[in-house]
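Following: one structure in structure tokens, then a few remarks.
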Amino acid sequence: MNENFKNKKILIVDDTAFMRNALCKILTELGFPLGYIEQAENGKVGLEILNKTYAEKKQPFDLVFCDWNMPTMTGIEFLKAVRKSPALFKDIPFILVTTDSEKEKVIEAVKYKVTDYIIKPVTKESIEGCLDAMEW
Amino acid sequence: MSTVIIDEVEMPKNMNFFILEDTPLFQKKMVDSLNDLGFSGNVTVADNIAMAYKKLEDKKTHFILSDWNLPDGKGIDFLKKIRADSNYDGIPFIMVTTMDGVDEIIDAAQIGADDYIIKPWEEDEFAKKISSAYQKRVNK
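Take a look at the structure:
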């Protein structure tokens, strides 16, 4: 278990509760405390959580995992909104979760400084690979 | 092409659904729920995993609903087989379970399950999960 993970705050954005819960389970198994993981069902709610955290001067989030394909504010729209935000969270590491058939589109996200992407199904190994690449 | 529209997601009316479920009551309920949504009744039903492997070859399948507990294994065994077979690339796959199976089922996401439905389901919830899984896999 990685000691570096124990104070990291993570935001998971996905409209499918099953996927949010599955990712949350993987993250807790890797050593991220459950109390430091928050979930949002779309980009709009995700943005509200980030803004509220900033406004209330709570511990900022360290990383966002976001689904690409969501009906209310897609992953790329959410990423754009975060990067355009005047708040301190605008440079937050941001990982897009996508399907194999959508991966070509992820190149568009590079313009908005996406940190990395993961192809579904999300596994413990793919998350570890991402965190290793970020040198966490 | 005739379509079924659920939550603004447009799906072909004549989609072939595949149901792997050993309880006749839930087989019937699933078929009824799909028919009530407006699909044209192209449903193949298998009682167990061995039968499912055989029946899958008979007709092209566009969407799979599988029970978690089956007489000859777990739904996850069937899911693994589907996700390892390129003939079924990108096909939506939803697990169906009782409340007791929810904790166990979460690991199926790592194999490629799209979602799960808890028995007995509300029709609205059933419709939403079918359309969402389809939208994410097929209708991008």
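In order, the protein sequence lines correspond to chains A and B. No gaps in the numbering here: position 113 of the first sequence is 113 in this note's numbering, and each next residue is one more. In this note's numbering, each residue carries its 1-based index in the second sequence increased by 1000. Positions of the beta carbon are idealized from the N, C-alpha and C atoms, including for glycine. Note that the coordinates shown come from a computational prediction; the quantities given were computed from them, not determined experimentally.
* In three-state DSSP terms, what is A17(A)? -> helix
* To do: Out of D1072(B), K1013(B), N1069(B), A1050(B), point me to the one whose CA is closest to V1043(B)'s CA.
  => K1013(B)
* To do: Output, in sequence order along the chain, the residues in the region 111-125 of chain A whose CB is closer than 8 Å to any CB in chain B.
  => K120, P121, V122, T123, K124
* Asked: According to a CB-to-CB cut-off of less than 9 Å, which residues of the region 1105-1120 of chain B neighbour chain A?
  -> I1105, I1106, D1107, A1108, A1109, Q1110, I1111, G1112, A1113, D1114, D1115, Y1116
* In this structure, does DSSP put T1044(B) in helix, strand or coil? -> strand
* To do: Return no unless some Cβ of chain B is closer than 8 Å to the Cβ of F32(A).
  => no
* Asked: Cβ of K1054(B) less than 8 Å from any chain A Cβ?
  -> no
* To do: Give the interface partners of F18(A) over in chain B, defined as CB-CB distance under 7 Å, in chain order.
  => A1109, D1115, Y1116
* Asked: Who are the neighbours of K25(A) on chain B, taking C-beta pairs under 7 Å?
  -> I1106
* To do: Please determine, among D91(A), K8(A), K103(A), Y36(A), the residue with the shortest C-alpha to C-alpha distance to I118(A).
  => Nearest of D91(A), K8(A), K103(A), Y36(A) to I118(A), Cα basis: K103(A).
* To do: Please state if the CB of D1107(B) and the CB of A1133(B) are separated by a distance shorter than 8 Å.
  => no
* Between the beta-carbon of A1113(B) and the beta-carbon of M1099(B), is there less than 8 Å? -> no
* Asked: For K57(A), does the count of other Cβ atoms within 10 angstroms reach 16, so buried, or fall short, so exposed?
  -> exposed
* Asked: Which whole-angstrom value describes the C-beta separation of I1019(B) and T1061(B), a residue pair presumed to lie in contact below a C-beta threshold of 8 Å?
  -> Contact doesn't hold; Cβ gap of about 10 Å is too wide.
* Same chain, Cβ closer than 7 Å to D1077(B), neighbours up to 5 away in sequence not counted -> I1049
* Beta-carbon proximity of I144(A) to L63(A), cut-off 8 Å -> One cannot answer for residue 144(A) here, as it falls past the ends of chain A, which runs 1 to 136.
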